[in-house]
Amino acid sequence: MKKTILLLSLLVLSCKSNEKLLVPTGLVTNKAMVVSARSEASEIGVAIMKKGGNAFDAMVATELALAVSYPQAGNIGGGGFMVFRKANGDTGALDYREKAPLAATKDMFLDQNGNVIPGKSTATAFASGVPGTLAGMFAVHKKFGSLPINKILEPVIALAKKGVVVTENQEKSLSTYREVLLKENGPNSLFSKVYKVGDTIKYPALAATLERIATNGRSEFYNGETAQKLISFLKGKGGSMTLEDLEKYDSKWRTPITFSYKDLEITSMSPPSSGGICLDQIMKMIEPFDLSTFGHNGTKSIQVITEAERRAYADRNSFLGDPDFVKLPVKELLDSIYIQKRMSNFSFDKASKSSDIGKGKIPGYESKETTHYSIVDADGNAVSVTTTLNDHYGSKIYCDELGFFLNNQMDDFSAKPGVPNLYGLTGTEANSIAPGKRMLSSMTPTIVEKGKKLFMVVGTPGGSTIITSVLQTILNVYEYKMSMQEAVNAPRFHHQWLPDEITFEPNSFDKKTLEELKNKGYKINENNKEIIGQVDAILILSDGKLEGGADKRADNSAKGF
Ligand code: DON
């Protein structure tokens, strides 16, 4: 009894001292906040809430404002996932992921010898899945919206007409991709021009498309003038998407993945994203270890997290795909005894080998550019949304007449078992191409509760590194007592089973730690040019205020009131 009381008081004391340590360093607001990849989009989302709109109205506004201000990922030619938590505690998820066109076939990216044709799944008209973004926005608006759609679109259309100022990051991004954009779209296309910091890019064609959508609603994109123009544009590029594909597209409300980690309750995206299942597996595998004692980015912390990631990604690549097409062993993969067993061969002395790990034994089972935004409104409704064209500027194919890029999401399917995609991820039959099927994703929009109250809204782009970046952001706050902004800024690392290496953000990790890991048999990759994640998150502070974490790695921005 005495022991229990002592333990309890120690717990209370340590909780208290932890809370004290948590001094916010990001933007703090009283009521509402949007954190997104561009200040223009965050501002528009906030303006909608100031006009009386809720987090769902703000979602539609922010998503479409990103389509204007962040064209490399913000989109109406792509798709995404949303996880929500209403002020009353109800949670849910929306899948507006692209689908394979009806003419798609399992071997469509293979040559006569069965080899993957380089570039066909990433930079051709065949690379695009049927876009889901507008179906998603209208589904959210229908279920939860409070302002009329044309009122929500008003500031977005105004932004497209007025134009967006090029930042240093955007200049860099556009110049990196200029040659391929030029090759794909010819010299007169909007993005074939040279833009410098401070230039304003205006989007009259996109403004006109959005105006028609504001007037005619969802059907404008899926069987109206926009649909017809889009299909004839893609036909001209040799693609096979048809009007029937657009007409048949629909977004889907899904039951999210929910699980606990110590005293946190986590809600994240369910299949066809692997995000929630992987996050659940990883967090359950690391739960028994005392990460806070091991220290942030300490050798032992990196080992435990890496080994859990290795095992979860092996299962991801082996078992997961679109639940509407394949029977997924979700219950089996999330079974606590199974998860415990997966870590039973882990040792602090020596790295496991991915070649020895493989997929887990499931009883009875046969068988790069994205963007994330987080929103909390004044009533406490929260949405966590990740949306994407897949790669930077998607397939690079820009429809000048309609004013948007097309995704290259078909590359997220497994074109051939074992052959890695853009993100080095491999797959199996579960994620093979079929007409109308959704490709497996890593997007992990996530909401965390503590003591039945909203605690954190978090997510990120980053392809395969999405899951591990979301994981580290949650751990940084919860285990390592960082503020929201510090948690987002902190250097990140990543392991995805194959290739068997840990990727570190360059020049950010302690050399001695890296040396220790090398000596234990880990392969260290510090040469990755891509950043690992670009997190946008909101933390609910103990006094009920909100702290934003807008990733310093790019132009991300927190706004609120
Ligand atoms: O759905 C997925 O997992 C990928 N299409 C996401 C791509 C991505 O995050 C690119 N961002 N840097």
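Each number in this note's numbering corresponds to the 1-based position in the sequence shown with 1292 added. Positions of the beta carbon are idealized from the N, C-alpha and C atoms, including for glycine.
Cβ-heavy atom distance, residue 1753 to ligand 1, below 7 Å: Residue 1753 Cβ: within cutoff of ligand 1.
Rounded separation between residue 1477 and residue 1330 - CA only: For residue 1477 and residue 1330, the distance between alpha carbons rounds to 25 Å.
heavy atom of ligand 1 below 7 Å from residue 1680 C-beta: Residue 1680: yes, Cβ under 7 Å from ligand 1.
heavy atom of ligand 1 below 7 Å from residue 1400 C-beta: Outside the cutoff, so no.
Rounded C-alpha distance that separates residue 1246 from residue 1402: This structure cannot settle anything about residue 1246, because the visible part of the chain is limited to 1293 through 1853.
Closer than 7 Å: residue 1733 CB and nearest ligand 1 heavy atom: For ligand 1, at least one heavy atom lies less than 7 Å from the Cβ of residue 1733.
Near ligand 1: residue 1661 beta-carbon under 7 Å from a heavy atom: Yes - ligand 1 has a heavy atom lying nearer than 7 Å to the Cβ of residue 1661.
Cβ pair residue 1759, residue 1625 closer than 8 Å: No.
Close beta carbons around residue 1241, own chain, < 6 Å, minus the five adjacent residues each side: Because the chain here runs from 1293 to 1853, residue 1241 falls outside it and cannot be looked at.
Beta-carbon separation (whole angstroms), residue 1439 vs residue 1344, contact threshold 8 Å: Their Cβ separation, rounded to whole angstroms, is 7 Å, which keeps residue 1439 and residue 1344 in contact under 8 Å.
Residues near residue 1420 by beta carbon distance below 6 Å, same chain, minus five either side: Within the same chain, 1687, 1698 and 1699 come within 6 Å of residue 1420 by CB-CB distance, once the 5 residues on both sides are set aside.
Residue span of the beta strand (DSSP E) that contains residue 1372, given as start and end: Counting along the chain, the beta strand (DSSP E) containing residue 1372 begins and ends at 1371 to 1377.
Counterpart residues of residue 1545 in DSSP-defined beta bridges: Answer is 1386, bridged to residue 1545.
Under the three-state DSSP convention, the category residue 1432 falls into: In this structure, residue 1432 counts as helix in the three-state DSSP scheme.
heavy atom of ligand 1 below 7 Å from residue 1669 C-beta: No, since every heavy atom of ligand 1 falls outside the 7 Å radius drawn around the Cβ of residue 1669.
With 16 other Cβ atoms within 10 Å as the buried cut-off, status of residue 1813: With a 10 Å radius around the Cβ and a threshold of 16 neighbouring Cβ atoms, residue 1813 comes out exposed.
Simplified DSSP assignment, three categories, for residue 1416: Here residue 1416 sits in coil by DSSP.
Length of the line joining the Cα atoms of residue 1471 and residue 1685: Their backbone Cα atoms lie some 13 Å apart in a straight line.
Every unbroken beta strand (DSSP E) inside the segment 1556 to 1582 [3 residues or more]: Entirely contained in the segment 1556 to 1582, the beta strand (DSSP E) runs reaching 3 residues are, in chain order, 1556 to 1560.
Residue 1680, enclosing alpha helix (DSSP H) - first and last residue: Where residue 1680 is concerned, there is no enclosing alpha helix (DSSP H), although the beta strand (DSSP E) it sits in stretches over 1674 to 1682.
Burial state of residue 1848 (16 or more Cβ within 10 Å): Answer is buried; the Cβ neighbour count reaches 16.
Residue 1786 to residue 1754 span [Cα, whole Å]: Whole-angstrom Cα-Cα distance: 11 Å.
Local conformation of residue 1747 per DSSP, three classes: Reduced to three states, the DSSP call for residue 1747 is strand.
Buried/exposed call for residue 1596, threshold 16 Cβ in 10 Å: Classification for residue 1596: buried.
Residue 1517, DSSP secondary structure in three states: It is helical.
Counted within 10 angstroms of its Cβ, other Cβ atoms place residue 1390 as buried (16 or more) or exposed: With 16 or more other Cβ atoms within 10 Å, it is buried.
Distance between residue 1525 and residue 1691 (C-alpha atoms, nearest Å): Computed Cα separation, rounded: 7 Å.
CA-to-CA distance, residue 1726 to residue 1515, given in whole angstroms: C-alpha separation (whole angstroms): 23 Å.
Whole beta strand (DSSP E) elements within the segment 1442 to 1514, 3-residue minimum: Here no run is fully enclosed.
Closest by C-alpha distance to residue 1668, when choosing among 1317, 1714, 1315 and 1328: Per the Cα distances, 1328.
DSSP three-state assignment for residue 1690, whether helix, strand or coil: Secondary structure at residue 1690: strand, using DSSP grouped into helix, strand and coil.
Segment limits, alpha helix (DSSP H) that includes residue 1776: Start and end: 1776 to 1781.
Proximity test, residue 1614 beta-carbon vs ligand 1 heavy atom, cut-off 7 Å: Within the chosen limit of 7 Å, ligand 1 does not reach the beta carbon of residue 1614 with any heavy atom.
The alpha helix (DSSP H) enclosing residue 1337, as first and last residue numbers: Residue 1337 -> alpha helix (DSSP H) spans 1331 to 1342.
Proximal residues to residue 1713 (C-beta, below 6 Å), its chain only, five neighbours per side dropped: Result list for residue 1713: 1703, in chain order.
Short Cβ contact (8 Å threshold) for residue 1834 with residue 1738: With a cutoff of 8 Å on beta-carbon distance, residue 1834 and residue 1738 are scored as not near each other.
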